[in-house]
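Have a look at the structure below before the remarks.
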Amino acid sequence: MGALRLAAQQNKRFSVYVTESRPDSSGLKTAKELQCLGIPCKVILDSAIGFIMEKVDLVLLGAEGVVENGGLVNKIGSYQLAILAKAAGKPLYALAESYKFVRFYPLNQYDLSSSIASYTDFDSSLNEENWAEYLSTWGYLHQQLLLYHVPIVQ
């Protein structure tokens with residue numbers, strides 16, 4: 001959010017498409033924050049990313065963690081977003097604070113341990129006895145899907 005806030009303060013002209021970000025709908029909160037900053041934005045369904053990709057110039061996403069090989073640990077859906085951005089030839093930039101750099105070297109999404117991956121209850125009828133029905137809300141994004149790997153210092 002800090003990068004977008006700074007761009008708005010510098011009177012840069014831009015608008016933002018924000019994914020709804022299911023299951024917690026955190027994209028709605030992000031959109032409200034952007035609107036409070038005077039940044040034009042539209043909320044889109046997570047499943048509409050492929051449809052909207054041709055309209056964007058670049059893709060920004062945050063990261064819950066940056067691992068040793070340059071990959072990212074982030075919300076489920078980031079991997080699909082990166083694949084679509086790469087296919088459309090759109091640059092993808094990940095923004096993360098330096099404290100999120102972790103000494104961890106996963107090779108794929110399944111290398112995330114249960115201490116990193118969390119599970120979300122989509123249905124209140126689910127309980128501990130049927131954990132297999134829960135879906136992970138974290139995924140791993142390999143650094144090869146990032147167009148540029150540029151450290152940004154504030």
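First residue of the sequence shown: 1, per UniProt numbering; consecutive thereafter. We treat Cβ as the ideally placed atom computed from N, Cα and C, and that holds for glycine. Computed from a predicted structure; not experimentally measured.
{"Check": "Closest by CA to residue 155, which one among I49, T30, G65?", "Outcome": "Residue 155 lies beyond the range of the chain shown here (1 to 154); nothing can be said about it."}
{"Check": "Considering Cα atoms alone, identify which of S25, K42, A31, K29 is closest to G77.", "Outcome": "S25"}
{"Check": "Note the first and the last residue of the continuous beta strand (DSSP E) segment covering A94.", "Outcome": "92-95"}
{"Check": "With a cut-off of 8 Å, do at least 3 Cβ pairs link the stretch 83-100 to the stretch 23-39?", "Outcome": "no"}
{"Check": "Taking DSSP as the reference, what is the three-state secondary structure of F51?", "Outcome": "helix"}
{"Check": "Alpha carbon to alpha carbon, what distance is there between V73 and S94?", "Outcome": "Inspection of the sequence shows that residue 94 is occupied by Ala rather than by Ser. Near 11 Å, if we compare the C-alpha coordinates of V73 and A94."}
{"Check": "Looking at the strands, I want to know which residues DSSP matches up with I39.", "Outcome": "Partner(s): none; I39 has no beta bridge."}
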